[in-house]
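Asker: Protein chains in written order, with numbering that gives the first Met the number 0: chain A, 0 to 308; chain B, 0 to 464.
Idealized CB from N, CA, C, for every residue including glycine.
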Amino acid sequence: MKRRDFLKGCLMCGAATSLGISNKAWGAGSFEGYPEAMGVLVDLTRCIGCRSCEAACNKEQRLPEPKVSFDDQSVFKEKRRPDENAYTVVNRYETASEGKTVHRKIQCNHCNEPACLTSCFVNAYTKTKEGAVIYNSKICVGCRNCMIACPFNVPGYSYSSAINPIVKKCIFCYDTRVKFGRPPACVEICPQEVLTFGYRKDLIKMGHERIRETPDKYVDHLYGEKEVGGTGWLYLSGVPFEQVGFDTTLGNDPIISNVKEFLGTVPMVLAIWPALFTGFHLLSTRNKGHEGGHGHDAHSKSEQEDAKK
Amino acid sequence: MKTYRENGVGIVDSLYKDTNKTKWSLKEKLLLGLTPQQYIGQALRNPFNWLLAAIFAVGIPIILGRFIFGLGWVTHSSNDYPWGMFLGFGLFAMVPLSSSGFQLGTTCEVFGRHDFEPIERLGLLNGLLGYLFAVIYLMVDLGQPWRLPYPMVVSFGPAAVLFLVAWHVATYLSVQVAEVSVAFFEWIGFPMGKRGVRKITLGLTVAGIILSTLHQGALGALFTYAPGKVHPLWYSASFQWLHFFVSSLPGGLCMVIAVSTIARKTMTWRLDKNFNDNLDKLTIALAKGASMGLATYLTIKLIGIAHDNKWEYLATGWGQWFMFEIFFGVILPLGLFAYAIRNEKVGLVRFAAFMTVFGVVLNRVNTAMITFNWKLAEREIPHWREVLISITIFAIYITVYRFILYRLPILFQWKTADEPVEELATAKAGASYSVADGSATLGTYRSKVESPLSPNSYTTMNDGE
């Protein structure tokens with residue numbers, strides 16, 4: 000964490016504060032995930048939509064009692080998303096492929112390079128070496144930039160609280176289970192073995208193995224292996240992914256790489272602008288003192304200045 | 000106000016009210032030189048004040064309610080649309096309209112174009128207030144606004160664009176307070192402070208350019224975190240920050256034109272001759288700048304589309320909406336500016352400036368709200384309380400803006416000399432001017448006319464009644 004210490008040092012230096020920010024571009028290397036990161040392989044062909052994972056999550060994370068009980072299938076009428084009361088939800092899709100009904104569990108995918116983490120200006124998110132993306136509610140200001148940034152629309156916000164609203168999302172049961180090497184509650188309870196918990200690198204092999212063994216059963220793609228830089232949760236499906244609510248247009252670059260172009264300009268502006276504009280000032284007020292000053296012929300950078308000649 | 004002026008009530012535009020060098024008291028300055036009865040009387044006569052009062056009566060309780068019952072009470076608590084009107088309009092639209100501060104600062108202080116000075120302070124004030132109220136909108140929107148200083152002191156997320164925005168807006172706000180404080184020091188009668196700030200003006204201005212370039216762009220870069228959510232026509236990984244930065248240039252200049260137009264219409268008594276005489280000329284000069292900015296913006300907007308080959312989207316419904324924005328917000332005002340500048344039609348310039356402001360606001364609202372999540376079926380329509388709060392904060396903005404314009408030397412020049420060294424040198428010039436004009440105003444020399452001269456203007460005016 001030397002880099003962070005260095006940054007903090009910079010930021011402490013009063014006047015140098017704004018300059019310190021330029022180093023932020025360093026925060027965006029190409030990172031392929033921790034070697035010991037855990038993950039979950041989700042096999043959509045096995046899911047029957049029993050919602051027991053939702054119930055287990057609710058209990059494990061001490062979330063409020065739901066309005067509709069977990070054995071009620073009527074929730075499938077609409078497409079739900081995770082929110083402050085449910086860190087995971089299962090949706091049902093009637094697909095175009097031979098009328099197959101597919102169920103899909105949604106929760107945080109625990110990205111290798113999480114967009115929520117890189118967009119957070121107080122560093123409230125942490126990617127642990129076990130692969131979980133966890134959140135510190137003590138320092139969250141509530142800007143909700145993470146919700147804007149998350150390509151999977153996962154984080155929810157407890158809008159109902161006036162005093163202490165915070166982001167609510169799946170944390171991979173980090174505090175209670177994954178930290179101790181145990182699988183998260185949803186994985187443990189699943190009766191159909193839809194979910195497999197293990198090292199991410201092993202799960203990737205396992206996923207490809209299944210596709211190779213029964214190529215008729217699966218679409219030849221392991222969703223999450225490469226998407227937005229790779230995610231901890233990986234998906235196998237029997238129908239094209241876009242038919243079951245997956246965004247297949249995200250690309251393989253982590254979200255932060257879109258932002259790098261801007262971050263790259265920051266040091267340039269900080270370094271060049273002061274010299275450039277004080278230079279203009281000297282040129283345009285040359286031989287005039289400060290009082291006179293009509294007309295200047297400095298080649299100005301910003302075009303509106305040119306126009307005013 | 001006009002009525003009182005006609006009845007010979009003096010305008011507070013210097014430290015002293017008459018030849019005996021009695022100073023205006025702070026209370027008199029605050030009441031614009033009127034008695035409390037007169038002040039309340041004129042305030043009650045103005046129908047616009049009644050409108051403001053009505054908005055406050057409804058809106059302020061709702062703002063308080065937001066802090067008692069939480070964001071869920073005033074917004075639709077949407078997880079898919081985490082940013083609503085407070086940020087979509089309040090932050091993203093107010094900030095580009097406030098770029099006038101650094102632009103006019105640059106023109107006058109860096110490029111030495113002192114002919115822009117009559118409008119420089121309006122530009123600076125417009126910048127300061129725009130930023131201040133953008134932050135106020137932000138405070139209403141943040142889940143825990145009392146933690147706003149956290150990115151400065153508690154925990155740092157230096158890889159985040161918002162981190163840069165937070166630091167830069169905070170720093171720039173202080174820079175702008177310092178720049179505008181010159182007017183405040185004149186008004187309050189604290190020449191030491193004024194001299195102190197004048198010494199560091201160049202530094203402040205250059206700091207302003209850097210901070211503005213970066214955070215105007217950074218607001219655009221915030222959306223590069225959501226490449227799949229912002230509609231491709233409003234999104235460009237490479238150009239997003241340039242689009243936001245470049246469109247903020249005409250946005251800020253046109254906002255100054257718009258505000259000066261309103262000020263000229265509604266507070267005629269407050270403008271001095273210097274401002275009035277120069278305004279038309281300066282409006283055209285600002286419009287020239289704005290049209291250069293607009294032309295650049297249009298070009299890079301088109302390059303942005305060509306760069307990612309997004310032409311096909313133009314044929315969709317979103318594309319029509321995009322073309323509407325570009326036509327009425329950019330191309331049409333550009334054409335009007337070209338015609339009006341050539342033919343020196345100031346009225347048309349002003350109209351086009353209002354259109355540009357509209358175009359910039361529409362662009363920000365489109366990016367942040369209307370076309371955001373274009374892939375989702377449901378569109379977010381703001382809650383009525385959210386709309387009301389936004390309107391209320393804007394009304395507070397107008398009230399504060401007007402309060403300051405009425406009092407501080409922004410639209411007029413403070414007539415009290417505060418630099419004794421230059422006093423003698425300019426006294427003659429001032430005298431000759433007053434003789435030449437013989438009327439209310441005292442020449443175009445910046446705040447250096449000796450004090451005993453200024454009361455003449457009042458007596459002239461009073462005699463005239």
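Do three or more CB pairs link the region 142–149 of chain B to the region 384–397 of chain B at distances below 8 Å?
Answerer: No, the region 142–149 of chain B is not in contact with the region 384–397 of chain B.
Asker: G129(B): buried (16+ other C-beta within 10 angstroms of its C-beta) or exposed?
Answerer: Buried is the call here.
Asker: Check this for me: beta carbons of W232(A) and I208(B), under 8 Å apart or not?
Answerer: Contact: no.
Asker: Considering only the beta carbon of each residue, do L40(A) and V101(A) sit closer than 8 Å?
Answerer: Taking 8 Å as the Cβ cut-off, L40(A) and V101(A) do not qualify as a contacting pair.
Asker: Between the alpha carbons of G206(A) and R45(A), how many angstroms are there, rounded?
Answerer: G206(A) and R45(A): Cα-Cα distance of roughly 14 Å.
Asker: Could you give the first and the last residue of the continuous beta strand (DSSP E) run that contains H102(A)?
Answerer: 100–105 is the extent of the beta strand (DSSP E) around H102(A).
Asker: In the region 209–222 of chain B, which residues sit with their C-beta less than 9 Å from some C-beta in chain A, listed in chain order?
Answerer: Answer set for the region 209–222 of chain B: I209, L210, T212, L213, G216, A217, G219, A220, L221, F222.
Asker: Just checking, does the region 262–280 of chain A make contact with the region 106–119 of chain B on the three C-beta pairs under 8 Å criterion?
Answerer: Verdict: yes, contact present.
Asker: Run through the DSSP bridge pairs and tell me what D82(A) is partnered with.
Answerer: In the DSSP output, where bridge partners are listed per residue, D82(A) has A85(A).
Asker: Are C169(A) and P81(A) touching if we call contact CB-CB under 8 Å?
Answerer: Going by C-beta atoms, C169(A) is nearer than 8 Å to P81(A).
Asker: Would you decide whether M191(B) is buried or exposed? Buried here means 16 or more other CB atoms lie within 10 Å of its CB.
Answerer: Result: exposed.
Asker: Using a C-beta to C-beta distance shorter than 7 Å, which residues of chain B count as neighbours of M381(A)?
Answerer: The structure shown has nothing for residue 381(A), since chain A only spans 0 to 308.
Asker: For S160(A), tell me which candidate among Y234(B), A289(B), F66(B) has the shortest Cα-Cα distance.
Answerer: It is F66(B) whose Cα lies nearest to the Cα of S160(A).
Asker: Any C-beta of chain A sitting closer than 8 Å to the C-beta of P150(B)?
Answerer: Judged by the 8 Å Cβ criterion, P150(B) is in contact with chain A.
Asker: Check whether the Cβ of H280(A) lies closer than 8 Å to any Cβ atom in chain B.
Answerer: H280(A) counts as touching chain B.
Asker: Report the residues of the region 116–149 of chain B with a CB closer than 7 Å to any CB of chain A, ordered along the chain.
Answerer: Taking 7 Å as the Cβ-Cβ cut-off against chain A, the residues of the region 116–149 of chain B that qualify are L141, G142, Q143, R146, L147, Y149.
Asker: What does W240(B) reach in chain A if we use C-beta pairs closer than 9 Å?
Answerer: Per Cβ cutoff of 9 Å: E260, F261, T264.
Asker: So, at 8 Å on beta carbons, what are the nonlocal neighbours of I302(B) in its own chain, with the 5 sequence-adjacent residues on each side left out?
Answerer: Excluding residues within five positions, the ones whose Cβ falls inside 8 Å are F238.
Asker: Let me make sure I understand the geometry here. Which of N277(B), H75(B), G32(B), S246(B) has the alpha-carbon closest to that of F357(B)?
Answerer: For F357(B), the nearest C-alpha among the options comes from S246(B).
Asker: List, in order along the chain, the chain A residues whose C-beta lies closer than 8 Å to that of S237(B)?
Answerer: Per Cβ cutoff of 8 Å: E260.
Asker: Going along the region 51–68 of chain B in order, which residues come within less than 7 Å of chain A, judged by CB to CB distance?
Answerer: Flagged, chain order: F66, I67, F68.
Asker: What in chain A is Cβ-close to L33(B), meaning under 7 Å?
Answerer: Neighbours of L33(B) on chain A: none; closest Cβ ~37 Å, over 7 Å.
Asker: Three-state secondary structure (DSSP) at L213(B)?
Answerer: Reduced to three states, the DSSP call for L213(B) is helix.
Asker: If the cut-off is 9 Å on Cβ atoms, which residues from the region 114–129 of chain A count as contacting chain B, listed in chain order?
Answerer: Result list: A114, L116, T117, S118, C119, F120, V121, N122, A123, Y124.
Asker: My output table needs one value for C110(A): the three-state DSSP class, helix, strand or coil.
Answerer: Strand at C110(A).
Asker: Going by CA-CA distance only, name the one from I256(B), K264(B), F244(B), P226(B) that's closest to G250(A).
Answerer: Per the Cα distances, P226(B).
Asker: DSSP puts W232(A) in a beta bridge; with which residues?
Answerer: V39(A), per the DSSP bridge assignment.
Asker: Quick check on L232(B) - is its C-beta less than 8 Å from some C-beta in chain A?
Answerer: No - not a single Cβ of chain A is within 8 Å of the one on L232(B).
Asker: Using the Cα positions of V140(A) and Y149(B), report the straight-line distance between them to the nearest angstrom.
Answerer: Computed Cα separation, rounded: 7 Å.
Asker: Assuming M354(B) and F327(B) are in contact, meaning their beta carbons sit under 8 Å apart, how far apart are those beta carbons, in whole angstroms?
Answerer: Yes, they are in contact, since the Cβ atoms of M354(B) and F327(B) sit about 7 Å apart, within 8 Å.
Asker: Within 8 Å of any Cβ in chain A, is that where the Cβ of G463(B) sits?
Answerer: Residue confidence is low: G463(B) scores 34 on pLDDT, short of 50, so the model does not pin down where it sits. Its coordinate-derived value is still stated next. Chain A, which has no Cβ nearer than 8 Å to the Cβ of G463(B), makes this no.
Asker: For V243(A) and E377(B), I'd like the C-alpha separation in whole angstroms.
Answerer: Going from the Cα of V243(A) to the Cα of E377(B) covers about 18 Å.
Asker: Going along chain A, which residues have a C-beta under 8 Å from A165(B)?
Answerer: What A165(B) touches in chain A: F120.
Asker: What is the rounded straight-line gap between the Cα of A114(A) and the Cα of L124(B)?
Answerer: About 37 Å.
Asker: Identify whether F240(A) lies in helix, strand or coil by the three-state DSSP scheme.
Answerer: In this structure, F240(A) counts as helix in the three-state DSSP scheme.
Asker: Using only CA atoms, which one of I388(B), W268(B), A367(B), S389(B) lies nearest to E379(B)?
Answerer: The candidate whose alpha carbon is nearest that of E379(B) is A367(B).
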